[in-house]
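Read in order, the letters of the sequence shown are residues 4 to 265 in this note's numbering.
Backbone N, C-alpha and C define an ideal beta-carbon position, used for all residues, glycine too.
Encoded as structure tokens, the structure appears first; notes follow it.
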Amino acid sequence: MDILKAIILGAIQGLTEFLPISSSGHLMIGEALLNTKGEDSLLFTILVHGATVLSTLVVFRKDILEIFKGLFKFKWNDETKYTLKIIISMIPVAIIGLFFKDYVENLFESESIAFIGYMLLVTAALLFFAWLNNNEKNRKEVGFFNSLIIGIAQAIAVIPGISRSGATIATALLLKIDRAKAARFSFLMVIIPILGENFLDLMKGNITAAATPTSSLIAGFITAFVVGLLACKFMISVVTKGRLHYFAIYCAIVGLAVILFL
4 MDILKAIILG AIQGLTEFLP ISSSGHLMIG EALLNTKGED SLLFTILVHG ATVLSTLVVF
64 RKDILEIFKG LFKFKWNDET KYTLKIIISM IPVAIIGLFF KDYVENLFES ESIAFIGYML
124 LVTAALLFFA WLNNNEKNRK EVGFFNSLII GIAQAIAVIP GISRSGATIA TALLLKIDRA
184 KAARFSFLMV IIPILGENFL DLMKGNITAA ATPTSSLIAG FITAFVVGLL ACKFMISVVT
244 KGRLHYFAIY CAIVGLAVIL FL
């Protein structure tokens, strides 16, 4: 993989990790178009996912610091409750990762590009219904039971073409969660699962000696971090303003294009 391809794929990951348009689906489409499938894709994927986690930590650094301050008071306070909600949200995806990881990996390898197109249409429908349920009246905090439902949406989003941020944010909005709180919870809840997934890949020794130049890996990482930083801030603004329908239209167009032309 040369530097230009690494930059393009890093930008795709940085954008699509936060925008509700499926990072896994777009990376697979990008690999198909750029003919990079199999070029140390696991190592590259781990690096660019790590870059987007880092961008999340930067954007929400104040929120994360407040959560840790509250936790170290060792009291049943708002920060402790919020941490427990995040832990609850991770249960479904943890079950998938621990017991069905090989099946999910086979799904990524075996499914056709057309399958991703159909799943993008599912993402489009989910975003559209969330937009229809756009009334800001009687919005609420993330609750313990709601955090589990949002976590189930995150687990379903391991399917290529279904957006993780789209599924979790749309589910939260359908559950009448406040828009800004829905975006915040969606982005914070994914940090540990992504790091956990990367750790499991490293422990299993799935990464072989890299044929991709180090310069390309670095370029992809930096691009994913910078683009992810901008995309995360942009997405928070989009959700707060209730404009998810634009992404529903985008996913529908890309999904149909993939089905018809790829």
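Cβ-Cβ distance between Leu176 and Ala133 below 8 Å:
yes
For Phe102, the nearest candidate out of Phe75, Ala158 and Thr55 (CA to CA)
Ala158
May I have a chain-ordered list of the beta strand (DSSP E) segments no shorter than 3 residues that lie completely inside the segment 107-170?
none
Looking at the structure shown, is Ile24 part of a helix, part of a strand, or coil, going by DSSP?
coil
Please classify Ser26 as buried or exposed, where buried requires at least 16 neighbouring CB atoms within 10 angstroms.
buried
With distance defined between alpha-carbon atoms, name the residue in Val257, Val145, Ala117 and Tyr249 nearest to Leu135.
Tyr249
Cβ pair count under 8 Å reaching 3, the segment 250-265 against the segment 136-152:
no
Environment of Phe75 [buried if 16+ CB atoms lie within 10 Å]:
exposed
Assign Ser240 to buried or exposed, taking buried as 16 or more other Cβ atoms, counted over all protein chains shown, within 10 Å of its Cβ.
exposed
Please look up how many angstroms separate the CB atoms of Ala185 and Gly13, rounded, as I've assumed it's under 8 Å.
In fact, because the Cβ distance is near 27 Å, the residues do not count as touching under 8 Å.
Within the same chain, show all residues whose beta-carbon is closer than 6 Å to that of Ser271, passing over the 5 residues directly before and after it, in chain order.
Look at the range of the chain in this structure, 4 to 265, and you will see that residue 271 is not part of it.
Look at the alpha carbon of Asn80 and the alpha carbon of Ile15, and state the distance between them as a whole number of angstroms.
39 Å
Let's see if you can read the secondary structure: which residues bound the alpha helix (DSSP H) around Phe63?
That residue, Phe63, is in no alpha helix (DSSP H); it is neither H nor E in DSSP.
Taking Ile10 as the reference, which of Lys236, Phe228, Glu144 and Arg246 has the closest Cα?
Phe228
Tell me whether Glu139 is buried or exposed, calling it buried when 16 or more other Cβ atoms sit within 10 Å of its Cβ.
exposed
Which first and last residues belong to the alpha helix (DSSP H) in which Lys236 is found?
Thr217 to Lys244
Could you give the first and the last residue of the continuous alpha helix (DSSP H) run that contains Val193?
Where Val193 is concerned, there is no enclosing alpha helix (DSSP H), given that its DSSP letter is neither H nor E.
Could you pull the start and end residues of the alpha helix (DSSP H) that Asp81 belongs to?
Asp81 to Phe102
Glu20 versus Thr243: straight-line alpha-carbon distance, rounded
18 Å
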